[in-house]
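Peer 1: I have a structure here, written as structure tokens, and I will follow up with some questions on it.
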Amino acid sequence: MNIAIIDDDKNFLKIFSNKVKSLSRNVFDTSSIDSYTNCETLLEKKYDIYFLDVDLIKLNGIDIAKFIKEDNPAAKIIFVTSRSDLIFSAITVQPFYFIRKTNLEKDLTIAFTLLTDYYTVKEYYKIKYDSEIISILIDDIIYLETSDHLTTIYTNNKQYHVYKTLKTVQNEINSRQIIQINRKNCVNVLHIVDEQKNYIKLDNDIILKIGKPFKNEFLSILKEYAIEED
């Protein structure tokens, strides 16, 4: 799990980061935590979870959250603030949770309880990779691409190369949200941001063609999924 912490108070950032590291070990098998005092390099990498100070000195944390959501819709944003008057403004971004600095211990514990509930009911794809068993959150898979029996799994932060056919990987993932759209690609419906005629656009700006033999089934599943989401 990739976690980012953004706060321009260096002393608080250090304390908060240590608490997040400690709690994350109880929830996630593996986690990578990066801390930022500004957002200049933050957007160079995508994260699963963002702990974001609402009231940054130089930038508006709410505006940063909106940009993150546009670029990385699956991300979970948890606002951290010492100003309760900003909470109502921040609700427009639909954050995962709020942490009050004045009630840090209790709110942070609740946040991780909610994260535990959220991620433990999620589906994972387990594979042997680089001599170890890893778990890839299926929601994080953007698309699959195959070439000569080498299938690449594209996620927000990494690419995984496995010597299996596209159909084998799709069957092993065994999720309705992973749909085949042509001979070389399967996509995750969660990451589709646009569909026009014979093409789809994903939230990482990749555009893929929908093959004619796959189009009817793809559109049918996409429609069913959209109805369920509503």
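With the sequence shown counted from 1, adding 14 to any position gets you this note's numbering.
A virtual CB, placed ideally from N, CA and C, is assigned to each residue, including glycine.
Measuring alpha carbon to alpha carbon, tell me which of Thr51, Lys24 and Ile91 ends up nearest Ile17.
Peer 2: By one-based count along the sequence shown, residue 17 stands at place 3. Among Thr51, Lys24 and Ile91, the Cα nearest to that of Ile17 belongs to Ile91.
Peer 1: Measure the C-alpha to C-alpha separation of Val135 and Asp153 and round it to an integer number of angstroms.
Peer 2: As a working note, residue 135 is residue 121 in the sequence shown. As a working note, residue 153 is residue 139 in the sequence shown. Between Val135 and Asp153, the C-alpha separation is close to 12 angstroms.
Peer 1: Check Ser161 in the structure and name its three-state DSSP category.
Peer 2: As a working mapping, residue 161 is identified with position 147 in the sequence shown. Looking at Ser161 - three-state DSSP - the assignment turns out to be strand.
Peer 1: Where does Glu137 sit, in a helix, a strand or coil, going by DSSP?
Peer 2: Taking the first residue of the sequence shown as position 1, residue 137 is located at position 123. Reduced to three states, the DSSP call for Glu137 is coil.
Peer 1: Looking only at C-alpha atoms, which of Asn218, Ile221 and Asn196 sits nearest to Asn230?
Peer 2: Here residue 230 refers to the residue found at position 216 of the sequence shown. The candidate whose alpha carbon is nearest that of Asn230 is Asn196.
Peer 1: Taking Cβ to Cβ, would you say Tyr213 is nearer than 9 angstroms to Ile224?
Peer 2: Position 199 of the sequence shown, counting from 1, holds the residue named residue 213. Position 210 of the sequence shown, counting from 1, holds the residue named residue 224. Going by C-beta atoms, Tyr213 is nearer than 9 angstroms to Ile224.
Peer 1: So, for Thr179: in the same chain, excluding its five sequence neighbours on each side, which residues have a beta-carbon less than 8 angstroms away from its beta-carbon?
Peer 2: Counting from one through the sequence shown, the residue named residue 179 turns up at place 165. The residues are Thr160, His163 and Thr165.
Peer 1: Below 8 angstroms on the Cβ atoms is my guess for Ile155 versus Ile192; work out the distance and round it to an integer in Å.
Peer 2: In the sequence shown, counting from the first residue as 1, residue 155 sits at position 141. In the sequence shown, counting from the first residue as 1, residue 192 sits at position 178. Right, their Cβ atoms sit about 7 angstroms apart.
Peer 1: Can you tell me which of Leu233, Gln108, Asp67 and Thr130 puts its alpha carbon nearest to the alpha carbon of Lys24?
Peer 2: Within the sequence shown, residue 24 is the residue found at index 10, counting from 1. For Lys24, the nearest C-alpha among the options comes from Asp67.
Peer 1: Whole angstroms is fine: what's the gap from Gly75's alpha carbon to Phe93's?
Peer 2: Taking the sequence shown and counting its residues from 1, the one referred to as residue 75 is at position 61. Taking the sequence shown and counting its residues from 1, the one referred to as residue 93 is at position 79. C-alpha of Gly75 to C-alpha of Phe93: approximately 8 angstroms in a straight line.
Peer 1: Where does the unbroken alpha helix (DSSP H) through Lys198 begin, and where does it stop?
Peer 2: Along the sequence shown, read from residue 1 onward, the residue named residue 198 stands at position 184. Where Lys198 is concerned, there is no enclosing alpha helix (DSSP H), given that its DSSP letter is neither H nor E.
Peer 1: Around the C-beta of Thr95, are 16 or more other C-beta atoms found within 10 angstroms, so that it is buried, or is it exposed?
Peer 2: Walking along the sequence shown from the start, residue 95 turns up at place 81. Buried, by the Cβ-count rule.
Peer 1: Tell me where the beta strand (DSSP E) around Phe112 begins and ends.
Peer 2: Counting from 1 along the sequence shown, the entry for residue 112 is found at position 98. First-last of the beta strand (DSSP E) with Phe112: Tyr111 to Arg114.
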